[in-house]
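In terms of the working numbering, the sequence shown opens at residue 1 and continues consecutively.
Data first, discussion second: the structure below is written as structure tokens.
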Amino acid sequence: MPDDEHRTYAATVRRLLVVAEPLKAARAWAAGEHAPGRELWRALADTGLTALAVDERHGGMGWYPPELASAFIEIGRTGAPGPLVESVALAAALSAGSAEAVRGEGQPIERKEQAPKEERVGEERAGEERAEGTRAAERRAEGEQAGEGRGLLERLLSGGALATVAAARPPGPPAAPGPFALDAHLADAVFVLDGDELLPARAGKVFTSLDPARHLVRCEAAPARNRRPVPAGTARLRALTTLLTAAQVLGAGRALLEGSVRYAGQRTQFGRPVGSFQAVKHQLADVAVALEFAAPLLYGAALTVRGDAAADPRDLPAAKLACTRAALLASRVALQVHGALGYTDEYDLTLLIRKARALRSAWGTAAECEAVLLDAAH
Numbered sequence: 001m002p003d004d005e006h007r008t009y010a011a012t013v014r015r016l017l018v019v020a021e022p023l024k025a026a027r028a029w030a031a032g033e034h035a036p037g038r039e040l041w042r043a044l045a046d047t048g049l050t051a052l053a054v055d056e057r058h059g060g061m062g063w064y065p066p067e068l069a070s071a072f073i074e075i076g077r078t079g080a081p082g083p084l085v086e087s088v089a090l091a092a093a094l095s096a097g098s099a100e101a102v103r104g105e106g107q108p109i110e111r112k113e114q115a116p117k118e119e120r121v122g123e124e125r126a127g128e129e130r131a132e133g134t135r136a137a138e139r140r141a142e143g144e145q146a147g148e149g150r151g152l153l154e155r156l157l158s159g160g161a162l163a164t165v166a167a168a169r170p171p172g173p174p175a176a177p178g179p180f181a182l183d184a185h186l187a188d189a190v191f192v193l194d195g196d197e198l199l200p201a202r203a204g205k206v207f208t209s210l211d212p213a214r215h216l217v218r219c220e221a222a223p224a225r226n227r228r229p230v231p232a233g234t235a236r237l238r239a240l241t242t243l244l245t246a247a248q249v250l251g252a253g254r255a256l257l258e259g260s261v262r263y264a265g266q267r268t269q270f271g272r273p274v275g276s277f278q279a280v281k282h283q284l285a286d287v288a289v290a291l292e293f294a295a296p297l298l299y300g301a302a303l304t305v306r307g308d309a310a311a312d313p314r315d316l317p318a319a320k321l322a323c324t325r326a327a328l329l330a331s332r333v334a335l336q337v338h339g340a341l342g343y344t345d346e347y348d349l350t351l352l353i354r355k356a357r358a359l360r361s362a363w364g365t366a367a368e369c370e371a372v373l374l375d376a377a378h
């Protein structure tokens, strides 16, 4: 169960979001005005949101996945725009990568034992000098890349930068090229997660999403011969993006249920509130049960994430699958309860319906989650 500090932090995020009116920021984001969304990100960072994913030695508060899950439930409930999940997860990954770099510093550099000078020929000496120069250049490049990562981490902690990442996919048909990153054309730093490597990338063509406040951008990493991976904990990145996306979609589902219950008490038919009809009650109750049953899976996965990944490989996909299914059920019932109003772009609930459907394929589709669960069951 959450302790007092956990509940207090979640309440702080909730109060901030009520004042900030994220749905207005989402509409502005969709219209091309990004200042309100960036201001919201800075305000969330000021509450310690990013610091909860970063080790203390790098300016954070430690490693608190359950508290992050609670915060992103609130963020999902209000429809906040921007690559917030990716920014927090990248901060966590850069923190883990910096820790690895620190542990690696000071280790002796392996050098081949050289033969006496008089025994070397000029060609061998030149070859050794070229090899040493190459190794020195590689070390300089790694140091520069690590420094860039630390600088980005500091900016993410302060809310001064937004970052995003795309998961590299196997080569597919020309009709579905990738990878794609959320709002990469607006982010201050863009990366591609390719296996165990985090590679700097650049934004390409922008595509619209079902959610007008989300844009998917095709990204390209550097060619293989020029690749300089950023020191990062990529397993931690994958775990946190899945966990926080599940939390975000669960929050959207809760907001849809609350809006549906409220509207069912106001809308009348045959002289009675539609919420008094048994069929509507059953639908709303089904949504409430699905959301209630998904929450323990989410927090269970958050508690098992230790360091870089969940202790049980089934925890994160099970949480993502349950939260997504509950939110999609909430969106379908919301459309039925609201009738034609639920299809109206001007109605705020529509943004949450679209976000829930867009998030179902972010950082773990239903098919991918089911495949992991089936493999683990055998």
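Even for Gly, the Cβ is constructed at its ideal location relative to N, Cα and C.
Residue i in three-state terms, based on DSSP
i	result
Val230	coil
Gly300	helix
Arg314	coil
Ala43	helix
Val372	helix
Thr365	coil
Pro22	helix
Glu105	For Glu105, the predicted model reports a pLDDT of 39, less than 50, meaning its position is unreliable and no value from the coordinates is stated.
Leu156	helix
Val165	strand
Phe191	strand
Arg15	helix
Pro200	strand
His282	helix
His215	strand
Val274	helix
Thr344	coil
Val85	helix
Leu186	coil
Cβ neighbour criterion (16 or more within 10 Å) applied to residue i
i	result
Leu374	exposed
Gly159	buried
Phe207	exposed
Arg42	exposed
Asp211	buried
Pro223	exposed
Asp345	exposed
Phe270	exposed
Val282	Contrary to the premise, residue 282 reads as His rather than Val in this sequence. By the neighbour-count rule (16 or more Cβ atoms within 10 Å), His282 is not buried but exposed.
Val280	buried
Arg325	buried
Val289	exposed
Gly151	exposed
Pro83	buried
Cβ shell of residue i (< 6 Å), same chain only, five flanking positions each side left out
i	result
Tyr9	Glu67
Arg103	Confidence is the limiting factor: at Arg103 the pLDDT is only 41, short of 50, which leaves the residue's position unreliable, though a coordinate-based value still follows. Same-chain partners within the cutoff: there are none.
Sub-9 Å separation of residue i and residue j beta-carbons
i	j	result
Ala11	Glu39	no
Asp183	Arg214	yes
Leu49	Thr164	no
Ser70	Leu162	no
Ala302	Pro65	yes
Val77	Leu17	In the sequence under discussion, the amino acid at residue 77 is Arg, which differs from the Val named in the question. Result yes, Cβ atoms of Arg77 and Leu17 sit closer than 9 Å.
Arg360	Val249	yes
Arg228	Asp188	no
Gln93	Gly300	Rather than Gln, the amino acid found at residue 93 in this sequence is Ala. No, they are not a contact pair.
Leu153	Ala246	no
Leu198	Leu243	no
Leu291	Ala319	no
Pro231	Gly97	yes
Leu157	Ala51	yes
Leu335	Val85	no
Length of the line joining the Cα atoms of residue i and residue j
i	j	result
Gly275	Ala235	46 Å
Pro273	Pro36	37 Å
Tyr263	Leu256	10 Å
Asp46	Arg27	23 Å
His6	Asp196	32 Å
Arg354	Ile75	15 Å
Gly379	Leu44	Look at the range of the chain in this structure, 1 to 378, and you will see that residue 379 is not part of it.
Lys24	Gly79	9 Å
Phe191	Thr268	51 Å
Leu186	His34	8 Å
Ala53	Phe277	46 Å
Gly143	Arg238	Reliability fails at Gly143, whose pLDDT of 41 lies under 50, so the model's placement of it is uncertain and the value that follows must be treated cautiously. C-alpha separation (whole angstroms): 24 Å.
Ala221	Phe180	11 Å
Cys219	Leu193	11 Å
Own chain partners of residue i with C-beta closer than 8 Å, once the 5 adjacent residues on each side are dropped
i	result
Asp447	Lying before the first or after the last residue shown, residue 447 is absent from the chain, which here runs from 1 to 378.
Ala358	Ser209, Leu210, Asp211 and Arg214
Glu368	Pro317
Phe293	Ala322 and Ala326
Asp168	Reading off the sequence shown, one finds Ala at residue 168, where the question assumed Asp. Contacts found: Gly178, Pro179, Val192, Leu193, Asp194, Gly195 and Ala221.
Residue i Cβ short of 8 Å to the ligand FAD heavy atom set
i	result
Tyr64	Looking for the ligand FAD in the displayed structure turns up nothing, as the structure carries no ligands at all.
Beta-carbon contacts of residue i that lie in its chain and below 7 Å, excluding the five residues immediately before and after
i	result
Pro313	Val372 and Ala376
Pro171	Note that Pro171 has pLDDT 49, beneath the 50 cutoff, so the model's placement of it is unreliable and no number is given.
Leu352	Gly79, Ala252, Ala255 and Leu256
Leu341	Tyr347
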